[in-house]
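Okay, so the sequence shown: first residue is 900 according to the working numbering, each after it adds one.
For reference, the structure is listed below as structure tokens.
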Amino acid sequence: MNPNANPNAHLDHEIYRDIAEVLISEEQIRARIAELGAQIGKDYRGKLPIVVALLKGSGIFIADLVRAIPLHLTMDFMGISSYGAGTKSSGVVKITKDLEETIEGRHVIIAEDIIDTGLTLSYLMKMLKQRNPASIKVCTLLNKQARRLLEVENVGYVGFEIDDHFVVGYGLDYIQKFRNLPCIGVLKPSVYQTFQVEN
Ligand code: 5GP
């Protein structure tokens, strides 16, 4: 199957009208997450990892990832905002909701939607390490290596390497919209103009 084909083209899904290109299809995401889950299952056998998602972008990823990990585990969520209402990193990281579980002595897996400049995760890793977890690793669905400003330590799992595109879908937003797009896509340039006028 053509990986760029839109599997929902038969549906009148209005979001797809704003997408210039499907970079990663639903099927590709599903298959890769199954591999990541199996690998994590092997690596953490005999342990009780805590999988932490950074909201809101990683909410959809963690839901699929934990179901692909064949182990007992716990889940927790952290609210963190690193972007303003646009497509450029502000470099400012704000904790809007902290973890509910204590991570001291736990094996932490951070489920992240995308690593771009690395500023967000570098900051977060530093903060979480001070809480003395047994170990801490990042599982990112997407990695934009070309844009890295700060190298992130302990990136154990990467779903897909992507080029320098601003992507949406599968949890990733543009001005809070497009999170419910089932695949990873690139917006049509006209969308930016339209949304700027609307907002
Ligand atoms: P970093 O701090 O690594 O530059 O950025 C991390 C966060 O920026 C991600 O968790 C995500 O919320 C946002 N981000 C980075 N690149 C993109 C992108 O291409 N699309 C969207 N929607 N958000 C992005």
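Ideal placement from N, C-alpha and C gives every residue a C-beta, glycine not left out.
No experiment lies behind these values; they were computed from the predicted model shown.
Please determine if the region 998 to 1006 and the region 1045 to 1056 are in contact, where contact requires at least 3 C-beta pairs separated by less than 8 Å.
no
Give the straight-line distance between the Cα atoms of Glu913 and Val1067, rounded to the nearest whole angstrom.
Reading the sequence shown from its first residue, position 14 is the one you call residue 913. Reading the sequence shown from its first residue, position 168 is the one you call residue 1067. Whole-angstrom Cα-Cα distance: 14 Å.
Please report the straight-line C-alpha distance between Arg966 and Tyr1056, rounded to a whole angstrom.
As a working note, residue 966 is residue 67 in the sequence shown. As a working note, residue 1056 is residue 157 in the sequence shown. Going from the Cα of Arg966 to the Cα of Tyr1056 covers about 16 Å.
CB contact flag (Cys1038, Leu947, <8 Å):
Within the sequence shown, residue 1038 is the residue found at index 139, counting from 1. Within the sequence shown, residue 947 is the residue found at index 48, counting from 1. No.
What residues are listed by DSSP as bridge partners for Asn1042?
Looking up residue 1042 in the sequence shown gives position 143. Answer by DSSP bridge pairing, in chain order: Ile1014 and Glu1060.
Ile1013 Cβ short of 7 Å to the ligand 5GP heavy atom set:
Within the sequence shown, residue 1013 is the residue found at index 114, counting from 1. Flag set: Cβ of Ile1013 near the ligand 5GP.
Can you give me the start and stop residues for the alpha helix (DSSP H) that Gly958 sits inside?
Numbered from 1 along the sequence shown, position 59 holds the residue referred to as residue 958. Gly958 to Ala967 is the span of the alpha helix (DSSP H), which, as asked, contains Gly958.
Any chain C beta carbon closer than 8 Å to Leu972:
Here chain C cannot be found, since the structure has a single protein chain.
With a 10 Å radius around its C-beta and 16 neighbouring C-beta atoms as the bar for buried, classify Pro1089 as buried or exposed.
Against the sequence shown, residue 1089 aligns to sequence position 190. One detail in the question is off: residue 1089 reads as Ser in this sequence, not Pro. Exposed: under 16 other Cβ atoms inside 10 Å.
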